[in-house]
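Some notes on the structure that comes next.
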Amino acid sequence: MTACALELIGISKRFGLVKANQDISLCVPSGTIHGIIGENGAGKSTLMSIIYGFYQADSGEIRIQGQTVKIHDSKQAIALGIGMVHQHFMLVDEFTALENIMLGAEGGALLHEGEQRVRQRLAELSRLYGLEVPLDIPVNQLAVGVQQRIEILKTLYREARILILDEPTGVLTPQEADDLFKILRTLKADGVTILLITHKLREIMAITDQVSVMRQGQMVAHRETAATSMPELAELMVGRKIRQSVDRHEQTAGQVLLNVRDLTVRDKQGIPRVNQVSLQVAAGEIVGIAGVSGNGQSELLQALAGILPFNEGEINFAGQKLTPQQPVNAARMRELGLAHVPEDRHRMGLVLPFAAYQSSILGYQRVGKYNHGLTLNDPAIRTEYTDRAEQFDIRPRDPFLGSNNFSGGNQQKIVLAREIGADPQLLLVGQPTRGVDIGAIEFIHQHIMDMRNEGKGILLVSVELDEIMTLSDRILVMCGGVITGEVSREQANEQILGLLMANALDPNNQQGHSA
Amino acid sequence: MKAATLNKFLSVFLLPLLNILTAFIFTTILFLVIGIDPWEAAKILVQGAFGYEEGIGYTLYYTTNFIFTGLAVAIAFHAGLFNIGGEGQAYIAGLGVSLVALGLGSFLPPWLLLPLAILAAAAFGAAWAAIPAYLQAYRGSHIVITTIMFNFLAASLMVYLLVNLFSEPGQGMPASRAFPETASLWTWQEFMAAFGIEFAASPLNISLILALVCCVAVWVFLWKTRWGYELRTVGANPEAAIYAGINPKRIVMLAMLLSGALAGFVAVNELLGVQHRLVLGFNTGYGFAGIAVALMGRNHPIGVMLAALLFGALYQGGAELAFEIPSVTRDVVVVIQGLIILFSGALEFMYRAPLQRWLLRFAREA
């Protein structure tokens, strides 16, 4: 075994009563790509924060290239050659790539001198690793994949020899992810040590040399990637066997429930976020909308739910024709039989300071059965919540517990239980399993599938291609606010969806694919 | 779960108590510096506020005003709004009370006149709050700025009206003529006499009962009705409110109308209960103190009630203190109030983190 570039010995960290990391030991050999997987809340982020100096461990030791070190802040981590690419980029949007890379390393009072130095060094780095980025364009005008490369360049410019990437592919198309992996392999060939944090098993298998699995704050297994498999890793992550499939009834779609024609939603600047989108959802089918995050899916979902006003087109639902001249609000859409599981449960789906049972009527607070006379019927609300908590296995069951005290998966179940429990004709679902444990994912998928099997219509928006392909009967792909293609369940594969997501597939060619 | 209970105990009981204690410690130091025996001063203050019937009467009379303005701030706060305009809303409400009392006083019997005057107080207070509310909801002007400005507008308007419209010719006093006898609320003395109980004369009147009713009503409204649910949703998470089909603009209007009406009731206590005429600056200080009362009372009616009582006692006991000890001026009393506001308002969470750590360790070992 080669020497460890980074070694952790017995790292422990607790927050109050929560043991975020318990006695974690890890050796990352120099010049390898090491994956760390685990569910949300398994302690991956805490561990990385300790390595990068955001937190101090309560006990344990960190060794860099064999030397025991104390890392008090990120400055020290950088000095030790550690670089971190965060899940949410730490870039100043209005600055150019050059300015962003210089930030904190300006080298003197006047920018000009430093600028020349940075340009020179970046030219070398770009040549060395194939990391081409335009240096003089504000980063908010660049694609997400390019922004990520700037983040990587930033760390390399600071002489990082150990690179930590936190969920790097969350915002990338499959093709962009492949490009990233190419870059990572080049870096590895140059002796850079890479730590890849992810929950995507596929990526672990594709690129890492070794993988470590975390569960509930502990390191439960180390494996050579070549000697393990996805099912084994999934089982290690969750601590039990995972059933991969959902019960799908073979059925043909019924009558059209939702008919959207030429829907356009503009943002405040007048830029169309959803551009002339037409789609239909019929009873008994799941229509999936795939796409890289930020390509208009969120706006589409919100316009359909009555949250965001739209500028052109029409929505036909439940015998009503909705136009920009006759806008409706979310309350009216609910009355018409539409339920909506929003993409971001913290921002929209729940009121975090409210008790769970109070969050369980959000949007339905005016429904007759929750009121008697002037006051809310709290006992009835609690009884219903308790039943649903049982049915959806929401833990803990306590209806009085604050909505913010549940784990991500259980919060999602509260929202899902509420929206499915309202017995809608059409369900809009955004990112149903974002930040949800693997164990809860299959459960949530099955509930969505059950609704379809019962003959309800479902419009599913997700950035997880696996999820889209598992659930959908038909898949629409959005890119830049436009639907770039439709693929049936049988034709769908990652490659064709990926090309549509980047809008790189010629529509005529696509016909050829389908045939 | 256990940690949650501990946290609640901490923020509801322990923190307010510690904050007040800290304020008193600093007051003690202040007294020692200016050469007053703090023990003696404390005795006079408590004795003045609670030691005899008339003192209690004054304390509760001030408390009544603080409950109204405290509730006004609290209800707006639950909708995510900071109503700094209680001062002006109370002032304008005085206009409503006076118009009803002076205009209709000679025709209507008390059982009709008094409810009308009380409604007028609510309506005028609400109307004065409605303008900043509208500007916030539909024009995006920040409510803190507009309500502050509306305090000045109210003050100028009332001075103008008092001087040019209400003041009696030849009197040269910025006050209206006296309200007719019918426009007078029972004093506490009269009220207790109805039950055969003797109570010393004081400005305390049955507005106190209105204040307590308001406490219960606000509690029921906020936590037991769908409108309160919607209001709190907007305050806690405006995006979730839109998702739920709640119109935040209408909630802003609703919350501010209720807030203004509550602040307006100060005019009921002051004008119908005590002054029996419209006078200059009857509202002074109550609106702003209401912010501190709501902050200290954690925006909960019970907390507001307790905080209002504390402020009432300080007002009354402080006045007594200034009277008994010549070196304590009115300003020293204001400093004490300021210290309480500083420690329980601005430095509200100073003790939180260390106490939380200590409590958790304690809970673990137990």
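As given, the protein sequences belong to chains A and B, one line each in that order. In terms of numbering that gives the first Met the number 0, the first sequence is residues 0 to 514. In terms of numbering that gives the first Met the number 0, the second sequence is residues 0 to 365. We treat Cβ as the ideally placed atom computed from N, Cα and C, and that holds for glycine.
Consult DSSP for residue i and reduce its assignment to one of helix, strand or coil.
| i | result |
| --- | --- |
| E223(A) | strand |
| E489(A) | coil |
| I70(A) | coil |
| P137(A) | strand |
| R260(A) | strand |
| Q268(A) | coil |
| F405(A) | coil |
| D246(A) | coil |
| K199(A) | coil |
| T224(B) | strand |
| S24(A) | strand |
| R387(A) | helix |
| A174(B) | strand |
| R228(A) | Checking the sequence, you will find Ser at residue 228(A) rather than Arg. S228(A) falls in the coil class under three-state DSSP. |
| S48(A) | helix |
| G50(B) | coil |
| V331(B) | helix |
| F194(B) | coil |
Does residue i pass the burial test, meaning 16 or more other C-beta atoms within 10 Å, or should it be called exposed?
| i | result |
| --- | --- |
| A330(B) | This sequence places Asp at residue 330(B); Ala is not what is there. It is exposed - the Cβ of D330(B) has fewer than 16 other Cβ atoms within 10 Å. |
| I203(A) | buried |
| E223(A) | exposed |
| Q66(A) | exposed |
| N236(B) | buried |
| M89(A) | exposed |
| H71(A) | exposed |
| M101(A) | buried |
| N163(B) | exposed |
| R396(A) | exposed |
| A40(B) | buried |
| N298(B) | buried |
Compute the distance between the beta-carbons of residue i and residue j, then report whether it is under 8 angstroms.
| i | j | result |
| --- | --- | --- |
| T68(B) | A92(B) | no |
| L134(A) | T192(A) | no |
| G80(A) | G9(A) | no |
| A121(B) | G316(B) | no |
| M391(B) | A129(B) | Residue numbering for chain B in the displayed model covers 0 to 365; residue 391(B) lies beyond these limits and cannot be assessed. |
| L396(B) | L207(B) | Residue 396(B) cannot be examined here, being either before or after the span of chain B that is shown, 0 to 365. |
| I314(A) | L278(A) | no |
| A226(A) | L200(A) | no |
| I32(A) | L183(A) | yes |
| G85(B) | F149(B) | no |
| V210(A) | M236(A) | no |
| A174(B) | G263(B) | no |
| A132(B) | L221(B) | no |
| L156(B) | L271(B) | no |
| L470(A) | L459(A) | yes |
| R346(A) | E229(B) | no |
| V91(A) | D165(A) | no |
| L427(A) | L337(A) | yes |
| S297(A) | L349(A) | no |
| P37(B) | L31(B) | yes |
- Message: With a threshold of 8 angstroms, are at least 3 pairs of Cβ atoms found where one atom belongs to the region 160-172 of chain A and the other to the region 124-131 of chain A?
- Response: no
- Report yes or no: do three or more beta-carbon pairs, one from the region 96-111 of chain B and one from the region 174-194 of chain B, lie closer than 8 angstroms? Yes, they touch.
- Message: Check whether the region 355-363 of chain A and the region 407-418 of chain A are in contact - that is, three or more C-beta pairs closer than 8 angstroms.
- Response: yes
- Quick one: which residues of the region 226-257 of chain B get their C-beta closer than 8 angstroms to a C-beta of chain A? List them in chain order. Only Y228, E229, R231, T232, A235, N236, E238, A239, I241, Y242, A243, G244, I245 and N246 from the region 226-257 of chain B bring a Cβ to less than 8 angstroms from some Cβ of chain A.
- Query: What are the residues of the region 295-318 of chain A that lie near chain B, defined by any Cβ-Cβ distance shorter than 8 angstroms?
  - Reply: Of all residues in the region 295-318 of chain A, A304, G305 and I306 have a Cβ within less than 8 angstroms of some Cβ in chain B.
- Item | Against chain B: residues of the region 320-354 of chain A by CB proximity under 8 angstroms | Those would be N328, A329, A330, R331, M332, R333, H339, P341, R346, M347, G348, L349, V350, L351, P352 and F353, in chain order.
- Counting pairs of Cβ atoms below 8 angstroms between the region 454-473 of chain A and the region 374-387 of chain A, do you hit three or more? When Cβ pairs closer than 8 angstroms are counted between the two stretches, the region 454-473 of chain A is seen not to touch the region 374-387 of chain A, the count staying below three.
- Query: Using a Cβ cut-off of 9 angstroms, which residues of the region 384-413 of chain A contact any Cβ in chain B, in chain order?
  - Reply: P395, D397, L400, G401 and N404
- Using a Cβ-Cβ cut-off of less than 9 angstroms, give me the residues of the region 354-366 of chain A that come near chain B, in sequence order. Q357, S358, I360, L361, G362, Y363, Q364 and R365
- Message: Whether or not the region 276-292 of chain A and the region 248-262 of chain A are in contact is what I'm after, with contact meaning three or more pairs of Cβ atoms, one per stretch, closer than 8 angstroms; do they touch?
- Response: Touching, yes, given that three or more Cβ pairs across the two stretches are closer than 8 angstroms.
- Message: By the 8 angstroms beta-carbon criterion, what residues does the region 193-224 of chain B contribute toward chain A?
- Response: V219, K223 and T224
- Message: I'd like to know if the region 165-184 of chain A and the region 288-301 of chain A are in contact, where contact means that at least 3 CB-CB pairs between them fall below 8 angstroms.
- Response: yes
- Query: Between the region 190-199 of chain B and the region 278-288 of chain B, are three or more C-beta pairs nearer than 8 angstroms?
  - Reply: Inter-segment contact for the region 190-199 of chain B and the region 278-288 of chain B is absent: fewer than three beta-carbon pairs are separated by less than 8 angstroms.
- Just by C-beta distance, which residues in the region 444-462 of chain A are closer than 7 angstroms to chain B? none
- Query: Looking at C-beta atoms only, is the number of pairs between the region 11-23 of chain A and the region 43-59 of chain A that lie closer than 8 angstroms three or more?
  - Reply: yes
- When Cβ atoms are compared, which residues of the region 151-166 of chain A fall closer than 7 angstroms to chain B? none
- With a cut-off of 8 angstroms, do at least 3 Cβ pairs link the region 445-455 of chain A to the region 246-255 of chain A? yes
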